[in-house]
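Residue numbering for the sequence shown follows my numbering, beginning at 10 and increasing consecutively.
For glycine and all other residues, C-beta sits at the position ideal for the given N, C-alpha and C.
Note that the coordinates shown come from a computational prediction; the quantities given were computed from them, not determined experimentally.
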Amino acid sequence: MKGAKIVAVDDDVSILRAIRRSLDAHGYEVRTLERGEPVVGLVREFRPDVILLDLVLPDISGIEVCKRLRPTTAAAIIVLSAIGDDRRKVQALDEGADDYLTKPFSMEELLARIRVALRHGAGATREPVLALGSLQIDIGSRRVTVGDEPIHLTPKEFELLRLLVQHRGRILTQRSIMTQVWGAEYADDAHILRTFVHQLRAKLGPEARRIVNEPGVGYQMSEDPDTSRI
10 MKGAKIVAVD
20 DDVSILRAIR
30 RSLDAHGYEV
40 RTLERGEPVV
50 GLVREFRPDV
60 ILLDLVLPDI
70 SGIEVCKRLR
80 PTTAAAIIVL
90 SAIGDDRRKV
100 QALDEGADDY
110 LTKPFSMEEL
120 LARIRVALRH
130 GAGATREPVL
140 ALGSLQIDIG
150 SRRVTVGDEP
160 IHLTPKEFEL
170 LRLLVQHRGR
180 ILTQRSIMTQ
190 VWGAEYADDA
200 HILRTFVHQL
210 RAKLGPEARR
220 IVNEPGVGYQ
230 MSEDPDTSRI
């Protein structure tokens, strides 16, 4: 989306310079910061579509920034993290981040993630019928079909599928999924989630490969059915 607004936050000036150069070349409007404290004020004023947020900042953590941002903006938040920083990735996703990139990353991958985030933002309104590939979910009637075949789901299977499809392309943590579908008291019961994902995959036929396991993090509904990881 040409002209989209992006805020990049990282204490590494060389990374910020490379990000800005690449995004400028692709027609994005960019603002950069090296610290976390000013981010909320800049976002309130600039109203970006996407925020690139490093998890390690010199003043406050990226997780704290994410926590402050989420109630104030609908912008997609893509966190930037170091290899092996899985615990903080999960914390950031639980605090409202939409995606993450592990350093070092290529500019091509960053641009692809931004394009996905912008597509989601453009389609953020909730459709009465959700569609992905041959899968269709009628929210009102709670009817699910793959092609012309009706798929019979239990209420919890339906809610899990609806949540994944509404956030397609985004990684949802196990805790986030469990809290939204089963309630906060089940937030740490990963066994239930694995069981229901297995049941959904068994019922969705050719669309089952879209349910992608992100090891140690959670699941996402992929827009590419050929990238499934069990």
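Item, Value
"Nearest-angstrom beta carbon gap, Leu-119 and Leu-110 [assumed within contact, 8 Å]", "6 Å"
"8 Å contact criterion, which Lys-112 and Ala-91 should meet: CB distance rounded", "6 Å"
"Among Phe-55, Glu-46, Gly-45, Val-226, nearest to Ala-13 - alpha-carbon criterion", "Phe-55"
"Assigned secondary structure, Glu-228 (DSSP; H/G/I helix, E/B strand, else coil)", "Note on identity: in this sequence residue 228 is Tyr, with Glu being the wrong assignment. It is a strand residue."
"Distance CB(Arg-171)-CB(Ile-148) smaller than 8 Å", "yes"
"For Asp-95, three-class secondary structure by DSSP", "helix"
"Rounded separation between Val-88 and Arg-122 - CA only", "11 Å"
"C-alpha gap between Leu-25 and Ala-17, whole angstroms", "7 Å"
"Limits of the beta strand (DSSP E) - the one that Arg-44 falls within", "Unbroken run through Arg-44: none, as it is neither H nor E."
"Selected residue, minimal CA-CA separation from Phe-205, among Glu-168, Glu-73, Ser-231, Glu-223", "Glu-168"
"Residue nearest to Lys-98 in terms of C-alpha spacing, selected from His-129, Leu-62, Thr-82, Asp-21", "Leu-62"
"Rounded straight-line distance, which links the Cα of Ile-60 to that of Ala-34", "18 Å"
"Cα-Cα separation between Gly-50 and Pro-159, rounded to whole angstroms", "49 Å"
"Beta-carbon gap between Ile-220 and Leu-173 smaller than 8 Å", "yes"
"Of the listed residues Arg-124, Ala-101, Glu-232, nearest to Val-74 (C-alpha basis)", "Ala-101"
"Minimum C-alpha distance to Pro-224 - residue among Ile-146, Arg-96, Val-138", "Arg-96"
"Beta-ladder partner(s) of Gln-145, from DSSP", "Ala-140, Thr-154"
"In DSSP terms, what Ile-86 is bridged to", "Ile-60"
"Proximal residues to Thr-134 (C-beta, below 6 Å), its chain only, five neighbours per side dropped", "Because the pLDDT at Thr-134 is just 47, under 50, the model does not fix this residue reliably, and the value given afterwards should be weighed accordingly. Answer for Thr-134: no residue qualifies."
"Segment limits, beta strand (DSSP E) that includes Glu-223", "220-223"
"Euclidean distance between Cα positions of Thr-182 and Gly-36", "32 Å"
"Distance between Met-187 and Glu-194 (C-alpha atoms, nearest Å)", "9 Å"
"Per-residue DSSP class, three states only, for Pro-215", "helix"
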